[in-house]
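Using the numbering used here, the letters of the sequence shown correspond one by one to residues 150 to 263.
Quick reminder that beta carbons are idealized off the backbone N, C-alpha and C, glycines included.
Notes follow the structure.
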Amino acid sequence: MDEGDVGIDIVEELRGRARTPMNVLRIIWYEFSGGVGPWGALRPLIAIGLALVPFLFLGQHFNRQHAKARDWTLLQIPLLLSILLWPLLYLYSIIDAWWLANERVAEAIKTTTV
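Given below as structure tokens:
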């Protein structure tokens with residue numbers, strides 16, 4: 150049997166199953182869902198939708214990977230702190246540099262006038 154015969158056998162099998170419009174719709178749904186049914190077809194989309202919620206890792210919880218979600222939550226805490234604290238540290242460094250420069254100027258003026 151060559152490859153062409155296999156294709157014809159599948160077509161004949163589908164023609165045999167698609168006798169009524171309901172069976173045609175059933176075959177289309179089976180092919181659309183990959184044979185895993187409506188829940189199996191929608192499960193990846195739901196996981197993506199939940200994973201789009203930032204910082205909570207709901208997609209991992211949905212897939213019952215609670216340890217991974219917990220680890221990623223703990224990992225994001227120092228990253229979040231560094232992102233939030235960096236602008237404050239940057240502003241503090243500017244103010245501190247200005248403050249110390251003013252102190253040195255004031256000390257220099259004091260020593261030259263005394």
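| request: Just confirm the distance between the C-beta atoms of A218 and F206, as a whole number of angstroms; I'd bet it's less than 8 Å. | output: 4 Å
**Prompt:** Can you give the Cα-Cα distance for F216 and T222, rounded to whole angstroms?
**Reply:** What sits at residue 216 in the sequence shown is Ala, not Phe. Each residue's Cα considered, the two are about 10 Å apart.
Inter-residue Cα distance where the pair is A200 and L228: 19 Å
- Distance between beta carbons of I176 and R166, contact taken as under 8 Å: 6 Å
Q. Hey, how far is the Cα of K259 from the Cα of D220?
A. 57 Å
### Task
With DSSP as the reference, label T169 as helix, strand or coil.
coil
*asked:* Quick check on the burial criterion: 16 or more other C-beta atoms within 10 angstroms. Buried or exposed for G189?
replied: exposed
**Asked** Terminal residues of the continuous alpha helix (DSSP H) containing P227?
**Response** H215 to T262
For my contact list, F211 and I195 are in at a C-beta cut-off of 8 Å; report their separation, rounded to the angstrom. 7 Å
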